[in-house]
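In mature numbering (1 follows the signal peptide of the UniProt record, and there is no 0), the protein residues as written are -35 to -1, 1 to 411. A short worksheet on the structure shown next.
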């Protein structure tokens, strides 16, 4: 449990100008959702915002501020200033900073904070976000929680700073489930693992005795669906509650099921069922176990992904002779083809914002991760290489995580790319990894 209260503003400098943003105008979000401080990532030269994260005072303070600095650096939109350039190594938390000295150090935004304990042993973590250019405090919060949540408080503060300056919802207070891969390539052990989005706090959800693939997080809860296969048996789709460890098999089909995806409300799962040489899509209500057939073709239909409003499904099919993307209503139907470029398209994933569909594109001897609008227009490739697969969205719709096998190695690694294609960073894992799937914000999931 993390309680939050706003901090009172300290006296402001006379200037009323806004915090200096990056060159340009606005983020790729609807105008109504924009915050007062806006960064443009759509055109022009992108320059990360120079920001200073001062060491937080108190026991555990350096840990919290270190998490914040790492998050803001990795997201690509901020350039945390090296501490050796800080003009004040320990700026007082309850006093207005010396803005002239921070300006001289090239800083445009400053974060100060402290961590203390109350009588019950809980920690109180506080931060202030300062506009160095105008000499004003633009945000301030205090959080009360168990000391074991210190790193998570760092993520929550990171989200507050990110959202205040960009106008886009945060994504740092999230977790990622992925397939941890170990052992020789011809006898690979694949088990489900979960970690914080920055690679910390790894733990394993399955023991590796049964191979697992294609996990997908529920958009609204701490549940994950995935496919597993016991030796000599057909693959089955499971749902696992991460908090309780309770798991269940979804559907009682005699044939192979695969590619499960939650509906936006988390109450239904779409999946692919193999029937002889073809595969069709089905939807299953998790509570009632009611099953509805969505496609009926002689082709291979797989990888369904719901639109955020739950009214449509994008999927891949080889009904036209090669793997392409198709769109249909959530109740099923023939489907309208979306992809028409050179090569094949697969693994579609609908953005939580609804504005883009991510996909894997194969052609020219390589694999690319790209995006297009839901009507098939505006195709853009964000990253290309020998082998890139399995795009999955952050809950704010601004970043995509995928896995890459660069060739010549014995396994894949996770990477994160933003929707401009300008930011691409590795995501640390303890071993080879594949099939990442992002949780909703922990503060929002029920």
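Heads up, the beta-carbon is just placed ideally off N, CA and C, and yes, glycines get one too. Note that the coordinates shown come from a computational prediction; the quantities given were computed from them, not determined experimentally.
Three-state secondary structure assigned by DSSP to residue i
{"i": "residue 60", "result": "coil"}
{"i": "residue 292", "result": "strand"}
{"i": "residue 41", "result": "coil"}
{"i": "residue 153", "result": "coil"}
{"i": "residue 28", "result": "helix"}
{"i": "residue 2", "result": "For residue 2, the predicted model reports a pLDDT of 39, less than 50, meaning its position is unreliable and no value from the coordinates is stated."}
{"i": "residue 175", "result": "coil"}
{"i": "residue 320", "result": "coil"}
{"i": "residue 55", "result": "coil"}
{"i": "residue 148", "result": "coil"}
{"i": "residue 112", "result": "helix"}
{"i": "residue 122", "result": "helix"}
{"i": "residue 66", "result": "helix"}
{"i": "residue 355", "result": "strand"}
{"i": "residue 35", "result": "helix"}
{"i": "residue 222", "result": "strand"}
{"i": "residue 130", "result": "helix"}
{"i": "residue 338", "result": "coil"}
{"i": "residue 140", "result": "strand"}
{"i": "residue 284", "result": "coil"}
{"i": "residue 87", "result": "coil"}
Strand pairing of residue i, partner residues [DSSP]
{"i": "residue 212", "result": "205"}
{"i": "residue 247", "result": "236, 258"}
{"i": "residue 96", "result": "74, 101"}
{"i": "residue 182", "result": "189"}
{"i": "residue 367", "result": "380"}
{"i": "residue 194", "result": "176"}
{"i": "residue 16", "result": "45, 74"}
{"i": "residue -31", "result": "107"}
{"i": "residue 391", "result": "380"}
{"i": "residue 50", "result": "For residue 50, which the question treats as bridged, DSSP gives no partner whatsoever."}
{"i": "residue 279", "result": "270, 292"}
{"i": "residue 158", "result": "143, 169"}
{"i": "residue 397", "result": "146"}
{"i": "residue 349", "result": "333"}
{"i": "residue 402", "result": "142"}
Exposed unless 16 or more other CB atoms sit within 10 angstroms - verdict on residue i
{"i": "residue 84", "result": "exposed"}
{"i": "residue 289", "result": "buried"}
{"i": "residue 134", "result": "buried"}
{"i": "residue 27", "result": "exposed"}
{"i": "residue -9", "result": "No answer about residue -9 holds up, because its pLDDT of 24 lies below 50 and its placement is not dependable."}
{"i": "residue 214", "result": "exposed"}
{"i": "residue 255", "result": "exposed"}
{"i": "residue 63", "result": "exposed"}
{"i": "residue 169", "result": "exposed"}
{"i": "residue 351", "result": "exposed"}
{"i": "residue -31", "result": "exposed"}
{"i": "residue 276", "result": "exposed"}
{"i": "residue 208", "result": "exposed"}
Backbone CA spacing between residue i and residue j [nearest angstrom]
{"i": "residue 86", "j": "residue 117", "result": "17 Å"}
{"i": "residue 93", "j": "residue 365", "result": "29 Å"}
{"i": "residue 131", "j": "residue 67", "result": "21 Å"}
{"i": "residue 202", "j": "residue 163", "result": "28 Å"}
{"i": "residue 100", "j": "residue 385", "result": "31 Å"}
{"i": "residue 222", "j": "residue 368", "result": "23 Å"}
{"i": "residue 44", "j": "residue 377", "result": "28 Å"}
{"i": "residue 262", "j": "residue 36", "result": "46 Å"}
{"i": "residue 319", "j": "residue 49", "result": "43 Å"}
{"i": "residue 402", "j": "residue 74", "result": "32 Å"}
{"i": "residue 339", "j": "residue 321", "result": "6 Å"}
{"i": "residue 406", "j": "residue 187", "result": "10 Å"}
{"i": "residue 280", "j": "residue 372", "result": "28 Å"}
{"i": "residue 160", "j": "residue 120", "result": "13 Å"}
{"i": "residue 295", "j": "residue 242", "result": "24 Å"}
{"i": "residue 189", "j": "residue 227", "result": "9 Å"}
{"i": "residue 323", "j": "residue 310", "result": "10 Å"}
{"i": "residue 396", "j": "residue 151", "result": "16 Å"}
{"i": "residue 107", "j": "residue 225", "result": "40 Å"}
{"i": "residue 363", "j": "residue 389", "result": "12 Å"}
{"i": "residue 14", "j": "residue 34", "result": "13 Å"}
{"i": "residue 195", "j": "residue 155", "result": "12 Å"}
The ligand GDP heavy atom lying under 7 Å from the CB of residue i
{"i": "residue 206", "result": "The ligand GDP is not part of this structure, which contains no ligands at all."}
Chain-order list of residues whose beta-carbon lies under 7 Å from that of residue i (same chain, five-residue window excluded)
{"i": "residue 333", "result": "326, 346, 348, 349, 353"}
{"i": "residue 398", "result": "143, 144, 145, 146, 368, 377, 378, 379"}
{"i": "residue 392", "result": "164, 366, 379, 380, 381"}
{"i": "residue 218", "result": "238"}
Close-in-space but distant-in-sequence residues of the same chain around residue i (CB under 6 Å, 5 per side omitted)
{"i": "residue 77", "result": "19, 56, 58, 93"}
{"i": "residue 303", "result": "290, 292, 341"}
{"i": "residue 307", "result": "328"}
Same chain only: Cβ atoms within 8 Å of residue i, ignoring 5 sequence neighbours per side
{"i": "residue 31", "result": "119"}
{"i": "residue 174", "result": "none"}
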